[in-house]
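Student: Have a look at this one.
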């Protein structure tokens with residue numbers, strides 16, 4: 037059974053927020069624990085899909101800010 | 369003066385303070401998408417999201433020109449906080465609800481109902497994109513807030529914990545459930561997702 041704290045550490049690992057020793061330990065755990073590896077892969081997939089939700093504002097809206105910023 | 373596109377936010381702010389408008393343009397290009405996306409995923413209205421983005425960056429201009437901005441190396445966090453608060457204000461106005469906190473000090477916005485989705489904004493986008501944005505917007509407020517701040521605004525879990533006044537494990541737990549909920553919705557709609565690849 038995977039500890040909840042390990043599941044939470046996986047999220048920090050995804051975002052490069054773990055220190056190097058903990059990252060190494062987690063990587064080693066994933067190599068030996070297929071369930072943990074599946075959770076990680078699943079999270080990566082969701083985050084990649086989320087990346088598709090990025091949006092760009094209209095050029096006009098940006099130009100209006102630039103006009104406002106002039107000295 | 370030549371703007372260095374690899375300059376830090378703090379360096380660009382300082383250059384803009386000294387009159388370099390290109391430094392501000394670099395800052396704007398660097399962060400406009402994260403602010404616009406964050407605002408959109410809260411408001412679900414592209415025009416209001418643009419308003420929030422504009423108001424947020426105009427606050428930057430005002431603060432720099434009035435020499436009110438204090439550089440603490442947390443420009444992005446400051447930007448996101450402004451955009452988040454402006455977005456919540458717009459929802460409050462939209463819903464015509466009073467600003468109030470509960471007896472426990474919990475901000476009432478956590479209980480606000482989200483506005484009806486803007487059907488028009490998805491025009492021309494793929495079905496997946498449409499669903500993803502809906503799924504994020506439909507998450508419980510606490511989960512959505514962490515997801516937006518971590519994935520789209522680029523704040524660390526530690527910064528999010530400080531911003532939302534919870535422990536880092538609570539912030540991580542909310543993020544975990546946000547991802548689980550989105551995964552479930554994706555599976556439900558059978559959108560190119562292998563449900564066997566994810567465990568809760």
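Residue numbers (the working numbering), protein chains in the order written: chain A, 37 to 107; chain B, 369 to 568. No residue lacks a Cβ here, since even glycine has one placed at the ideal position from N, Cα and C. Please read these numbers as outputs of a predicted model, since none were measured by experiment.
Return the first residue and the last residue of the alpha helix (DSSP H) that residue 105(A) is part of.
Tutor: Taking the first chain and counting its residues from 1, the one referred to as residue 105(A) is at position 69. 95-105 is the extent of the alpha helix (DSSP H) around residue 105(A).
Student: With distances taken Cα to Cα, identify the nearest neighbour of residue 69(A) among 98(A), 100(A) and 42(A).
Tutor: Taking the first chain and counting its residues from 1, the one referred to as residue 69(A) is at position 33. Ranking the options by Cα distance to residue 69(A), first place goes to 42(A).
Student: If you follow the alpha helix (DSSP H) that residue 418(B) is in, where does it begin and where does it stop?
Tutor: As a working mapping, residue 418(B) is identified with position 50 in the second chain. From DSSP, the alpha helix (DSSP H) with residue 418(B) extends over 414-433.
Student: Thinking C-beta only, is residue 515(B) closer than 9 Å to residue 543(B)?
Tutor: Your numbering for residue 543(B) matches position 175 in the second chain. Your numbering for residue 515(B) matches position 147 in the second chain. Yes, the pair counts as a contact, with Cβ atoms nearer than the cut-off.
Student: Mind listing which residues of the segment 519-547 of chain B have their C-beta closer than 7 Å to chain A's C-betas, in chain order?
Tutor: The segment 519-547 of chain B vs chain A, Cβ under 7 Å: 519, 524, 525, 537, 540, 541, 543, 544 and 547.
Student: I need the boundaries of the alpha helix (DSSP H) containing residue 519(B), first residue and last residue.
Tutor: Walking along the second chain from the start, residue 519(B) turns up at place 151. Taken as a continuous stretch (DSSP letters only), residue 519(B) belongs to no alpha helix (DSSP H), as it is neither H nor E.
Student: Quick one: what's got a C-beta closer than 8 Å to residue 66(A)'s C-beta in the same chain, skipping five residues either side?
Tutor: Along the first chain, read from residue 1 onward, the residue named residue 66(A) stands at position 30. 72, 73 and 76.
Student: Can you check whether the C-beta of residue 53(A) is within less than 9 Å of a C-beta belonging to chain B?
Tutor: As a first step, residue 53(A) is located in the first chain; it is residue number 17 there, counting from the start. Closer than 9 Å: yes.
Student: Beta carbons nearer than 7 Å to chain A: which residues of the segment 375-407 of chain B have them?
Tutor: The residues in question are 387, 389, 392, 393, 396, 400, 401, 404 and 405.
Student: Considering only the alpha carbon of each residue, which of 526(B), 429(B) and 410(B) lies closest to residue 505(B)?
Tutor: In the second chain, the residue the question calls residue 505(B) occupies position 137. Checked all of 526(B), 429(B) and 410(B); the closest Cα to residue 505(B) is 410(B).
Student: From 509(B), 448(B) and 499(B), pick the residue whose C-alpha is nearest to that of residue 523(B); which is it?
Tutor: As a working note, residue 523(B) is residue 155 in the second chain. That would be 448(B), whose Cα lies nearest to the Cα of residue 523(B).
Student: Would you say residue 495(B) reaches chain A, if we count a Cβ-Cβ gap shorter than 9 Å as a contact?
Tutor: Residue 495(B) sits at position 127 when you count from the first residue of the second chain. Answer no: the Cβ-Cβ gap between residue 495(B) and chain A never drops below 9 Å.
Student: At least one CB of chain A closer than 9 Å to the CB of residue 443(B): is that the case?
Tutor: In the second chain, counting from the first residue as 1, residue 443(B) sits at position 75. With 9 Å as the cut-off, residue 443(B) does not count as an interface residue toward chain A.
Student: Show which residues of chain B have a CB atom less than 7 Å away from the CB atom of residue 43(A).
Tutor: For the purposes of this step, residue 43(A) is taken as the residue at position 7 of the first chain. What residue 43(A) touches in chain B: 544.
Student: Mind checking if residue 648(B) is an interface residue toward chain A, Cβ cutoff 9 Å exclusive?
Tutor: Lying before the first or after the last residue shown, residue 648(B) is absent from chain B, which here runs from 369 to 568.
Student: Check the Cβ of residue 92(A) against every Cβ in chain B and list those closer than 9 Å, keeping chain order.
Tutor: Locating residue 92(A) in the first chain gives position 56, where the first residue counts as 1. The answer, in chain order, is 400, 401, 404 and 405.
Student: Quick test of your reading: residue 51(A) and residue 59(A), contact by CB under 8 Å. State the CB separation rounded to the nearest angstrom.
Tutor: The residue labelled residue 51(A) in the question sits at position 15 within the first chain. The residue labelled residue 59(A) in the question sits at position 23 within the first chain. Actually they do not touch by this definition, with Cβ atoms about 11 Å apart.
Student: Starting from the Cα of residue 637(B), find the closest Cα among 500(B), 547(B) and 381(B) and give me that residue.
Tutor: Beyond the ends of chain B as shown, which are 369 and 568, falls residue 637(B); an answer cannot be given.
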